[in-house]
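Right, one structure below, let's go through it.
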C-alpha cells in the first residue's frame, strides 16, 4: 500500500511532522510518498529518515518539486 502526503507550499517542520506521524501508523513493507517543494523540507526528511531502518528514494519530478518515497 502507498500512502501519500502532499506538502506543496508547506514549510518545516509541518511536512516532517506529518511524515513522521503517517510513518508510525504504517505497516512493514508499506510506502509513504511525500511531495514537497522546499529544499529545506527535503533535507529534513532525508536527515530524519536516513536514521531509521527504512529505504528512501528521492525524485525531482519538476524543477524544485520532489517526490520522496519512504519504505517501512
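Numbering (this note's numbering), first residue to last: 3 to 74.
Beta carbons are placed, not taken as given, at the ideal position from N, Cα and C, and that holds for glycine.
Computed from a prediction, not measured in an experiment: that's the story for all the values here.
Q: Evaluate residue 34 with the Cβ neighbour count: other Cβ atoms within 10 Å of its Cβ, from every protein chain shown; 16 or more gives buried, anything less gives exposed.
A: The count along the chain shown starts at 1 and reaches residue 34 at position 32. Buried is the call here.
Q: Please classify residue 15: is it buried, with 16 or more other beta-carbons within 10 angstroms of its beta-carbon, or exposed?
A: Along the chain shown, one-based indexing puts residue 15 at 13. Its Cβ having fewer than 16 others within 10 Å, residue 15 is exposed.
Q: Could you tell me how far apart the beta carbons of residue 57 and residue 73 are, in whole angstroms, since I believe they sit closer than 8 Å?
A: For the purposes of this step, residue 57 is taken as the residue at position 55 of the chain shown. For the purposes of this step, residue 73 is taken as the residue at position 71 of the chain shown. That pair is a contact at about 5 Å.
Q | N-terminal and C-terminal residue of the beta strand (DSSP E) that residue 64 is part of | A | By 1-based counting over the chain shown, the position of residue 64 is 62. Note, residue 64: beta strand (DSSP E), 57 to 64.
Q: Indicate whether residue 38 and residue 63 have their beta-carbon atoms separated by less than 8 Å.
A: The sequence position of residue 38 within the chain shown is 36, counting from 1. The sequence position of residue 63 within the chain shown is 61, counting from 1. Not closer than 8 Å, so no.
**Q.** Rounded C-alpha distance that separates residue 50 from residue 18
**A.** One-based indexing of the chain shown puts residue 50 at position 48. One-based indexing of the chain shown puts residue 18 at position 16. Going by the C-alpha atoms only, they are around 8 Å apart.
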